[in-house]
Structure formats: structure tokens, C-alpha cells
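Worksheet for the structure shown next.
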Amino acid sequence: MKRFGISLPKEMADAIDKISRETGATRSEIVAAALQEYLEARRSHAEPEHQCLGVVMAVTDTFSEIGDVIEDNKTHIVAYTHLHVEGRCLTIAVVKGSSDQIEKLTLEVSKRSKLSRYVPLL
Ligand SMILES: [Zn+2]
Ligand SMILES: [Zn+2]
């Protein structure tokens, strides 16, 4: 085991504490479980370098939160649509490019959205 301090947004820390109370798992166990999923997704998606074709879904409060990412990544976005569900914005984009570029794009999207998922189509 290795210990290190990390900084999390308050909302995220509160959510972890809530799960901890509900399940009896420690904060470390919860963070490790979430990280395990991320590392597995990244391993299968980013290594080795390959061409990616997939769908990015993102939930935001407004389109402007994600609009510039779409604009900056125009060359990797095959098509996208923007819908409103329960008062929130849902952006669905078909993306294509090197795994490097798509990894950057999906990270950028996840930073700006309440919820985001990348689903590989290849
Ligand atoms: Zn990929
Ligand atoms: Zn919208």
C-alpha cells in the first residue's frame, strides 16, 4: 500500500462519504474501486496506440459548458446531436481519431460535464 494526499471537488468528496456511510467501505476502498475502473477503461482504450471510433455522451447544465470542446475537436467529431432531458443538456457525439486524440477529448469532456461516458464502437 502507498499513501498519498489528493484534492477532490467538495461534491465528489461528499458523495464518497455518503457511499462510505451506506456501504461501510472506507474512503480508500471506494476511491480505489473507482480508479480501478478508470485504469481498466484507459488500458483497453489508450494502449496500444490505435484508431478510435466511438460515441461520447455528456450531461451538462448548458451547451456552452461543452461547446468549445466540440468546436476545438471538430476534426475528430463525425457527427453530434444535442438534446434536452429533464431540464439538462445531453450531447451525443460520434468521434473518430487516434486513441491519443480521443483520450484527450474524452478527458476534456469529463472535466466539464456532470456525467460523461465514452463507448467504443470498434
Ligand atoms: Zn480506442
Ligand atoms: Zn442544451
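Taking this note's numbering, the leading residue of the sequence shown gets 1, the next gets one more, and so forth.
In this text, a Cβ means the ideal position worked out from N, Cα and C, and glycines have one as well.
Bear in mind the structure is a predicted one, so any value in this text is a computation, not a measurement.
Any residue with its C-beta under 5 Å from a non-hydrogen atom of ligand 2 counts. Can you list them all in chain order? Phe63, Cys89
Sequence-distant residues of the same chain with beta carbon closer than 6 Å to Ile77, five excluded per side: Residue numbering aside, residue 77 sits at position 77 when the sequence shown is read from its first letter. Answer for Ile77: Ala93, Val95, listed in chain order.
Using three-state DSSP, classify Met12 as helix, strand or coil. Taking the first residue of the sequence shown as position 1, residue 12 is located at position 12. Helix, per DSSP.
Could you give the residue range of the beta strand (DSSP E) that holds Arg88? For the purposes of this step, residue 88 is taken as the residue at position 88 of the sequence shown. Segment 88-98, the beta strand (DSSP E) holding Arg88.
Which residues share a DSSP beta bridge with Val85? Locating residue 85 in the sequence shown gives position 85, counting from the first residue. Val85 pairs with Arg88.
Measuring only the C-alpha atoms, how far is Thr62 from Ala79? Translated into positions along the sequence shown, residue 62 becomes position 62. Translated into positions along the sequence shown, residue 79 becomes position 79. Thr62 and Ala79: Cα-Cα distance of roughly 19 Å.
Is the CB-CB distance between Glu103 and Val69 below 8 Å? Indexing the sequence shown from 1 puts residue 103 at position 103. Indexing the sequence shown from 1 puts residue 69 at position 69. For Glu103 and Val69, no; Cβs fall outside 8 Å.
DSSP state of Gly67 mapped onto helix, strand, coil: Position 67 of the sequence shown holds residue 67. Helix, per DSSP.
Three-way DSSP call (helix, strand, coil) for Ile19 in this model: On the sequence shown, position 19 is the one that residue 19 refers to. Residue state, collapsed to three classes: helix.
Assuming Ser98 contacts Gln51 under a Cβ cut-off of 8 Å, what Cβ separation, rounded to an integer in Å, is found between them? Position 98 of the sequence shown holds residue 98. Position 51 of the sequence shown holds residue 51. Ser98 to Gln51, Cβ: 6 Å. Contact.
Should His84 be counted as a contact of ligand 1 given a C-beta to heavy atom distance under 7 Å? Within the sequence shown, numbered from 1, the residue matching residue 84 stands at position 84. No, ligand 1 has no heavy atom inside 7 Å of this Cβ.
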